[in-house]
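Visitor: In this note's numbering, the protein residues as written are 23 to 283. Note that beta-carbon positions come from the ideal geometry of N, C-alpha and C, so glycine has one too.
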Amino acid sequence: MTLRALLLDVDGTVADTETFGHRPAYNRAFRKLGLKFRWGPKLYRKLLLQPGGRERLLHYLRRYTPQLGDQQERFDEDPGRWIDEVHELKSRYFRSYLRKGRVPMRPGVARLIREAKASGIKVALVTNASPASLKAMLRHGLDKSLSEQIDLIVGSGDVARKKPAPDSYLHAMNKLGLQPWQCVAVEDSATGLKAATAAGIPTIITLNPNTEADDFSHAALVLDGLGEPDAPATVITGHLRHQYLTLEDIERMLEARLKAA
Numbered sequence: 023m024t025l026r027a028l029l030l031d032v033d034g035t036v037a038d039t040e041t042f043g044h045r046p047a048y049n050r051a052f053r054k055l056g057l058k059f060r061w062g063p064k065l066y067r068k069l070l071l072q073p074g075g076r077e078r079l080l081h082y083l084r085r086y087t088p089q090l091g092d093q094q095e096r097f098d099e100d101p102g103r104w105i106d107e108v109h110e111l112k113s114r115y116f117r118s119y120l121r122k123g124r125v126p127m128r129p130g131v132a133r134l135i136r137e138a139k140a141s142g143i144k145v146a147l148v149t150n151a152s153p154a155s156l157k158a159m160l161r162h163g164l165d166k167s168l169s170e171q172i173d174l175i176v177g178s179g180d181v182a183r184k185k186p187a188p189d190s191y192l193h194a195m196n197k198l199g200l201q202p203w204q205c206v207a208v209e210d211s212a213t214g215l216k217a218a219t220a221a222g223i224p225t226i227i228t229l230n231p232n233t234e235a236d237d238f239s240h241a242a243l244v245l246d247g248l249g250e251p252d253a254p255a256t257v258i259t260g261h262l263r264h265q266y267l268t269l270e271d272i273e274r275m276l277e278a279r280l281k282a283a
């Protein structure tokens, strides 16, 4: 078998964290601080083009110049510290949503991880998420039996540059001792696709409402989700032998790419 490792993004790929976790947590933090603005779905989709939570906050403040009210003086004193504090408050709310089971896993993820492990394939999480968010995801977002099957986790604290830079994927391959043609990445955004592609890794995209308008022309396969036997995936670009993504589909995809190289 050519496939040796399944490299999964987390936010929006493994679980619907953006819709049910991060955006509500940001808005709750804004409300707690007395800020009048909120991030609606349409605006949030635009903000997701800026990778990284702190970077996203700074981009929003610079691009949209919202009124900060009573928080303006604290922001002016030390913008970086203020952003860190807002982000930490948001992260606490996000972790509480995970603990309460409000952030569902996407269909097909648990199945594919278990199938990979049963076939001797390594499974890694490769993400821009912070160490604290990752810890909460592993403890509360995935059931214990699934968390124990993750061989490697590469987060924002492990590399110098976040996605769309390829650093996290290069780091994962180095740790696993593998080459790009032995891996496949599963992502949900153009940011993740750029990172994996720059590392030379074939990429499968699973769309979600926040990223469905992104450019995925360089993806090997684009689906609306991984699918389940009783809940078929819709193929946007590419081909599935079955109605849901299987290891057989991934292996055929990798073999075809090797022959074409």
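Return the chain-ordered list of same chain residues with a C-beta closer than 7 Å to the C-beta of Gly247, the five sequence neighbours on each side being excluded.
Guide: Only Arg128, Pro129, Gly130, Thr228, Ala255 meet the Cβ criterion.
Visitor: Count Cβ pairs between the segment 196-213 and the segment 26-40 that sit closer than 8 Å; are there 3 or more?
Guide: Contact holds: three or more Cβ-Cβ distances are below 8 Å.
Visitor: Rounded to whole angstroms, how far is the Cβ of Val176 from the Cβ of Ser190, which I believe are closer than 8 Å?
Guide: With 8 Å as the limit, Val176 and Ser190 qualify as a contact, their Cβ atoms being about 5 Å apart.
Visitor: Counting beta carbon pairs with one atom in the segment 55-72 and one in the segment 80-92, are three or more of them shorter than 8 Å?
Guide: Yes: the two stretches touch, three or more of their Cβ pairs being nearer than 8 Å.
Visitor: Report all residues from its chain with a CB closer than 8 Å to the CB of Pro231; omit the five preceding and five following residues, and keep chain order.
Guide: Thr41, Pro63, Arg67, listed in sequence order.
Visitor: So, helix, strand or coil for Ile227, using DSSP?
Guide: Here Ile227 sits in strand by DSSP.
Visitor: Thinking Ala27 and Ile143 are a contact (beta carbons under 8 Å), I'd like their distance in whole angstroms, please.
Guide: Confirmed, about 6 Å.
Visitor: So Glu234 is in the alpha helix (DSSP H); what residue range does that whole segment cover?
Guide: Here Glu234 belongs to no alpha helix (DSSP H), and DSSP marks it neither H nor E.
Visitor: Could I get the ranges of all uninterrupted alpha helix (DSSP H) runs contained in the segment 130-170, with 4 residues as the minimum, in chain order?
Guide: Within the segment 130-170, the complete alpha helix (DSSP H) runs of at least 4 residues are 131-140, 153-158, 166-169.
Visitor: Quick check: the Cα distance between Met38 and Gln93, rounded to an integer number of angstroms?
Guide: According to the sequence provided, residue 38 is Asp. The question's Met does not apply to it. Computed Cα separation, rounded: 31 Å.
Visitor: If I follow the unbroken alpha helix (DSSP H) through Ala217, where does it start and stop?
Guide: Residues 212-220.
Visitor: To the nearest angstrom, how far is it from the Cα of Gly260 to the Cα of Leu243?
Guide: Rounded to whole angstroms, Gly260 to Leu243 spans 5 Å at the Cα level.
Visitor: In angstroms with no decimal places, state the Cα-to-Cα distance between Ser113 and Thr149.
Guide: Going by the C-alpha atoms only, they are around 16 Å apart.
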